[in-house]
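Novice: For reference, the structure I am asking about is given below.
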Amino acid sequence: MTNSPIKQILTPQEKKSVYEVDLHKKIYQMMGLENVDLSHIKPETIRLKRNFWNLYIMTIKINNVKHRFLVDTASQLSLIKMKKNVNLQELQLDKRVKLNGFGKVTNLSKAVLVDDFSFGTNQAKNVLLFIKEENNMLFNLLQIDGILGWDLLSKIDFSIQEAGNKFTIFDEEMAKKFQKIPSSYLFPSMIPIIFDSNKKRIVGIDLGANKTWISEKSPILVGNPFLTEKKVYSIGVNGINVDKKGLLKEYELKLPNIKQNFKKLSISSTEFVPNTNIDLMVGTEICKGKEIVFFNSRNKFVIYSK
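Position 185 (the sequence shown) corresponds to 185 in my numbering; numbering is contiguous.
Encoded structure:
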C-alpha cells in the first residue's frame, strides 16, 4: 500500500474514506457475529441472465429457494427482499447502517443471517443480508429478490464476460491468462475504484448501472460542452434520483490497455463513497465485447479483450 499512487492524489479525508473498506466486518463485530468466510469457494463459471436494461442477474438459492440477485459492484452491501416461503429470522440492528446510492442515503435497521447461501455449486454460510422494504421501486422494476453487493464480491476473484453472460470465479492457475495484460490498481474500498491511465481521475466500476455517469464536481466538466441542460432521472436502490445538471456530450476514458468513448453521460451529485469525489462511474456498457476481471486478492482490475 505504501507505493500506491493514491497517496499522492487523494486528500487525507478521502484516503480515510477509501480505506474504510470492510463495512461488512464492522457490522458483524457490532452484532457479535463471526464474519463470513468465502476462502473455500471453488473456481467455476456461472451463467448469468442479462435483462432488458443490460444488467446481470444471478440465480442464488437461499435455504434451497431460488432468488434473483442483481450483480451490483457499486452496492456497498448485499440486500434482500424477504420471501414468505423462506424461513429466515430477522435480526434487529443495534445501530442503523447507512447505505449510499442513487436516490438518497437510507438507513438500514434489519438484516438476516443466512446459513445456506448457494450460487452455482458453491455454498456460503453465515452470510449477512440487509433487508430492503417489500415495495422497493428498483426491486419491483427489475423483478429481483436481492442485490449481490461489493461486501461479498470483493472477497473473491471473479470476472464477468459479456459473451455468454458468464460469471467466472477463478484461482491462481486460471488467472495466468491475465498476467501479461496491463492492469489497473484496484483500491480496497466500499466499491471498486481505479484510476485512469494518467492517474488523474478516480473511476468507480458500477455494474449495477447500465450507463456511465460523471460527478458534478469533477474537473472533467471544465471546458466540456453540455449536450443539453435538463433533468436526468435515475432509479437506484434508495429511490429516484433527480439531477438537474444535464448530460455531458462525450468523454474518452483511457485505461492501461484500452480507450473507450462514452456518450451522453449523466451529470450526477450522488456520493457513493463518503467524502470521496469519484470523477466517473462506469456502467455495464464497458463490458461490451470484453471480460471484466476483478482480481481482488492481488488488487488488480483487468479488461480482457481478444
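The beta-carbon is built from N, C-alpha and C at its ideal position, and this holds for glycine as well.
1) Where does the unbroken alpha helix (DSSP H) through F139 begin, and where does it stop?
2) Any chance you could list the beta strand (DSSP E) runs of at least 3 consecutive residues sitting entirely within the stretch 35–71, in chain order?
3) Using a threshold of 8 Å, state whether the C-beta atoms of V273 and I191 are closer than that.
4) Would you report the Cα separation of K61 and N198, rounded to the nearest angstrom?
5) When the distance is taken between beta carbons, is S159 closer than 8 Å to E291?
6) In the DSSP assignment, find the alpha helix (DSSP H) that holds L153 and state where it starts and stops.
7) Taking all protein chains shown into account, do 16 or more other C-beta atoms lie within 10 angstroms of the C-beta of Q76, making it buried, or fewer, making it exposed?
8) Suppose the cutoff is 7 Å on Cβ atoms and the five residues either side in sequence are ignored; what does the same chain contact list for P182 look like?
9) Below 8 Å on the Cβ atoms is my guess for L55 versus N210; work out the distance and round it to an integer in Å.
10) Could you tell me which residues DSSP pairs with M281 in its beta bridges?
11) Suppose the cutoff is 8 Å on Cβ atoms and the five residues either side in sequence are ignored; what does the same chain contact list for N299 look like?
12) Helix or strand or just coil, what does DSSP make of N296?
13) Just checking, does the stretch 109–116 make contact with the stretch 81–96 on the three C-beta pairs under 8 Å criterion?
14) Below 8 Å on the Cβ atoms is my contact criterion, and I expect L79 with K125 to pass it. Report the Cβ-Cβ distance as a whole number of Å.
15) Determine, using beta carbons only, whether N277 and K217 come nearer to each other than 8 Å.
16) Report the option in L129, N107, N122, L141 whose CA atom is closest to the CA atom of P43.
17) Is it true that the CB of L33 sits closer than 8 Å to the CB of L329?
18) Opposite S112 in the DSSP bridges: which residues?
19) For E291, list the residues DSSP reports as bridge partners.
20) Which residues in the same chain have their Cβ closer than 6 Å to the Cβ of K155, if we skip the five residues on either side of it in sequence?
21) Candidates I144, C287, I27, A163: which alpha carbon is nearest K81's?
Specialist: Straight from the coordinates:
1) 137–142
2) 44–47, 56–62, 65–71
3) yes
4) 43 Å
5) yes
6) 150–153
7) Buried, because 16 or more other Cβ atoms sit within 10 Å of the Cβ of Q76.
8) P256, N257
9) 6 Å
10) G204, W213
11) Y185, L186, F187, P188
12) helix
13) yes
14) Their Cβ separation, rounded to whole angstroms, is 19 Å, which puts L79 and K125 out of contact at 8 Å.
15) Yes, the pair counts as a contact, with Cβ atoms nearer than the cut-off.
16) N122
17) Nothing about residue 329 can be read from this structure; the chain reaches only from 1 to 306.
18) The sequence as given places Val at residue 112; Ser does not occur at that position. The partner list for V112 (beta bridge, DSSP) reads E90, L129.
19) Q161, Y304
20) L38
21) I144
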